[in-house]
Amino acid sequence: MTETFIRIPMDILYMRKVEIVHDKITLTDEVEVVYEKKVTPHGNSAKVDAQKKYIGRRAYVIILKE
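Numbering that gives the first Met the number 0 puts the first residue of the sequence shown at 0, with every later residue one more than the last.
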């Protein structure tokens, strides 16, 4: 009998879920850090600063109501 292997990307194994109900958010993901920053101007756009060690990483940016 020959064994067959299926390669599954690790991202598929982790369920990511963002749910917004009545202006409340639920985020289900593997989170490394959560922090609060101000959006600052950057030319004709805007930006949110993050540490250099997070370059290339996925991030969620959630804009809150004032």
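Don't be surprised by glycine CBs; every beta carbon is placed ideally from N, CA and C.
Keep in mind it's a predicted model, so treat the numbers as computed, not measured.
Continuous beta strand (DSSP E) stretch holding residue i: start and end
| i | result |
| --- | --- |
| I24 | K23 to T27 |
| I19 | K16 to V20 |
Cβ neighbours of residue i in the same chain (closer than 8 Å, five flanking residues each side left out)
| i | result |
| --- | --- |
| A45 | V38 and T39 |
| L97 | Outside the displayed range of the chain (0 to 65) lies residue 97, so it cannot be described from this structure. |
Same chain, Cβ closer than 6 Å to residue i, neighbours up to 5 away in sequence not counted
| i | result |
| --- | --- |
| D28 | R15 |
Residue i to residue j span [Cα, whole Å]
| i | j | result |
| --- | --- | --- |
| V20 | K36 | 24 Å |
| V33 | K23 | 17 Å |
| A49 | E65 | 22 Å |
Residues near residue i by beta carbon distance below 7 Å, same chain, minus five either side
| i | result |
| --- | --- |
| T25 | E18 |
| E31 | none |
| I61 | I24 |
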